[in-house]
Amino acid sequence: MNPFEKYSVEMINNKLDLTVLEGSYLPEIFPHREREIDLMAKTLSSVFHNSRPSNLLIYGKTGTGKTSTTTYVTKMLKEKDPEGIEIFHVNCQVFDSPYSILVEIANALTQTNEDKIPGLGWPMDRIYSELLKRMNRSRRFMVVVLDEIDKIIKKNGPDALYVILKLSDDSTVTRTSFIGITNDTGFLESLDARVRSRLNQESIMFPPYNASELRDILKLRISNISGSKPIDDSALNLCAAIGAQEHGDARKALELMRIAIEVSIRDGTTKVTDKEVYRARDKFEMDVMREAVATLPPQSKMVLLSAVVT
Ligand SMILES: Nc1ncnc2c1ncn2[C@@H]1O[C@H](COP(=O)(O)OP(=O)(O)OP(=O)(O)O)[C@@H](O)[C@H]1O
Ligand SMILES: [Mg+2]
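As numbered in the numbering used here, residues 1250 to 1559 make up the sequence shown, in order.
Laid out in structure tokens, this is it:
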């Protein structure tokens, strides 16, 4: 017998697809983020009155919907004027230096491989002027989202953002606005005054979700799961309560619900109850703990072991 048979049968029979609970899924409706979405749209809408929207700083704890709502709002902005607007979403955990960020944007502005700027070797001023040339040639309004923006400062020092934000002053033909996203609330203080005033022209704080808000978010997501899997109301409330305890984290609540459904499928139970949620939480915490211990250097593992033994 195929070893996957007993695990895949329920998924296949009920046509169960849990992608809507995964982090990569972008919802169309964001309960309890109406105010933040409206503020973002209000700021960005200056582009339709022919002026450059202010740069925007978005901050709040992890899992409060900063990245996903920004992605949604910029997608909607692009939909309003697909030919006239360009959006760049840069994850600064991956592209963590001014060099790599400017190269990334410049390369996105060209279709041909010959025009691609190499990842190493060009002096900064050459990249900067080449990027400006390409921006001015494209004649579009550009929104550059710098997600996890604090990582640039942590890696390169407080001046690193200056050269990037200067683009909005220097791009005279095109207009460019920046949206910085961070979950490090102390980050603004670490900035140099010139950078702070450029970045923080407007700011939006994303507050943590409470349990009842998380319940609404979960309910809506679950209603979008294709295929059927009965879920107890109390299991849903429990996921929301655990997410609320973890500083109002929607990611945690959704992830718990997804694991609880998988636990229920694997164990062959007919519905998802509190028991599956508790098992999901233990599994979640075990996985995090296992990863934390596994990545410790050998000396730290020895210290940990001696603490357990004594
Ligand atoms: N109001 C909401 N409605 C629906 N889903 C939401 C809402 N808020 C957050 N989510 C979901 O929660 C998860 C985490 O959201 P997101 O990645 O936007 O958080 P974040 O604030 O960027 O966190 P981090 O600071 O860790 O990057 C995503 O799957 C997102 O779709
Ligand atoms: Mg994020």
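A virtual CB, placed ideally from N, CA and C, is assigned to each residue, including glycine. None of the values given here were measured: they were computed from a predicted structure.
Check whether residue i and residue j have beta carbons under 8 angstroms apart
i: lysine 1310; j: glycine 1497; result: yes
i: leucine 1505; j: valine 1526; result: yes
i: alanine 1489; j: leucine 1469; result: no
i: tyrosine 1348; j: methionine 1373; result: yes
i: aspartate 1364; j: proline 1407; result: no
i: alanine 1493; j: alanine 1529; result: no
i: lysine 1404; j: serine 1346; result: yes
i: isoleucine 1480; j: valine 1392; result: no
i: glutamate 1451; j: threonine 1292; result: yes
i: valine 1394; j: histidine 1338; result: yes
Identity of the residue in the options nearest residue i by Cα
i: asparagine 1340; options: Asn1486, Glu1328, Asp1408, Ile1354; result: Ile1354
i: serine 1303; options: Thr1313, Met1289, Thr1316, Leu1440; result: Met1289
i: glutamate 1277; options: Leu1293, Met1250, Thr1318; result: Thr1318
i: isoleucine 1402; options: Leu1265, Gln1450, Asn1251, Phe1344; result: Phe1344
i: glutamate 1285; options: Val1512, Asp1441, Thr1519, Leu1305; result: Leu1305
i: asparagine 1432; options: Arg1282, Val1552, Gly1370, Lys1400; result: Lys1400
i: phenylalanine 1455; options: Asp1465, Thr1434, Val1512, Arg1445; result: Thr1434
i: valine 1444; options: Arg1424, Leu1416, Phe1253; result: Leu1416
i: phenylalanine 1253; options: Ile1514, Met1551, Ala1556, Ala1541; result: Ile1514
i: proline 1280; options: Gly1333, Val1558, Asp1465, Ser1378; result: Asp1465
i: threonine 1327; options: Val1552, Asn1356, Phe1297; result: According to the sequence displayed, residue 1327 carries lysine and not threonine. With distances taken between Cα atoms, lysine 1327 lies closest to Phe1297.
i: asparagine 1299; options: Arg1424, Leu1275, Lys1382, Leu1265; result: Arg1424
i: asparagine 1356; options: Lys1382, Ala1541, Gln1342; result: Lys1382
Anticipated Cβ contact below 8 angstroms, residue i with residue j, distance rounded
i: isoleucine 1510; j: leucine 1267; result: 6 angstroms
i: aspartate 1396; j: threonine 1316; result: 6 angstroms
i: isoleucine 1398; j: glycine 1429; result: 4 angstroms
i: serine 1387; j: leucine 1358; result: 6 angstroms
i: serine 1295; j: arginine 1301; result: 7 angstroms
i: leucine 1485; j: leucine 1467; result: 6 angstroms
i: alanine 1499; j: tyrosine 1458; result: 6 angstroms
i: glutamate 1271; j: arginine 1507; result: 7 angstroms
C-alpha distance - residue i paired with residue j, whole-angstrom precision
i: proline 1367; j: arginine 1375; result: 12 angstroms
i: serine 1572; j: isoleucine 1307; result: An answer regarding residue 1572 cannot be provided, because it is not within the stretch 1250 to 1559 covered by the chain.
i: leucine 1231; j: aspartate 1523; result: Nothing can be reported for residue 1231: it is not among the residues displayed for the chain, which extend from 1250 to 1559.
i: asparagine 1473; j: aspartate 1330; result: 29 angstroms
i: glutamate 1534; j: lysine 1501; result: 11 angstroms
i: phenylalanine 1390; j: valine 1322; result: 15 angstroms
i: asparagine 1251; j: glycine 1517; result: 18 angstroms
i: leucine 1384; j: aspartate 1419; result: Sequence inspection shows methionine at residue 1384; the leucine mentioned does not correspond to that position. Rounded to the nearest angstrom, the two C-alpha atoms are 10 angstroms apart.
i: proline 1546; j: aspartate 1482; result: 43 angstroms
i: leucine 1380; j: leucine 1351; result: 7 angstroms
i: alanine 1543; j: phenylalanine 1436; result: 30 angstroms
i: threonine 1361; j: aspartate 1287; result: 37 angstroms
i: glutamate 1283; j: threonine 1320; result: 14 angstroms
i: serine 1551; j: aspartate 1531; result: Position check: residue 1551 holds methionine in this sequence, whereas serine was assumed. Cα to Cα, methionine 1551 sits roughly 25 angstroms from aspartate 1531.
i: isoleucine 1334; j: alanine 1556; result: 58 angstroms
i: glutamate 1495; j: serine 1549; result: 27 angstroms
i: tyrosine 1377; j: phenylalanine 1427; result: 16 angstroms
i: threonine 1519; j: valine 1269; result: 21 angstroms
i: glutamine 1342; j: valine 1558; result: 38 angstroms
i: tyrosine 1274; j: leucine 1265; result: 16 angstroms
i: tryptophan 1371; j: valine 1512; result: 52 angstroms
i: asparagine 1449; j: valine 1521; result: 45 angstroms
Any chain D beta carbon closer than 8 angstroms to residue i
i: asparagine 1432; result: In the structure shown, chain D cannot be found, because there is only a single protein chain.
Check: residue i C-beta below 7 angstroms from any heavy atom of ligand 3
i: isoleucine 1307; result: Looking for ligand 3 in the displayed structure turns up nothing; the ligands present are ligand 1 and ligand 2.
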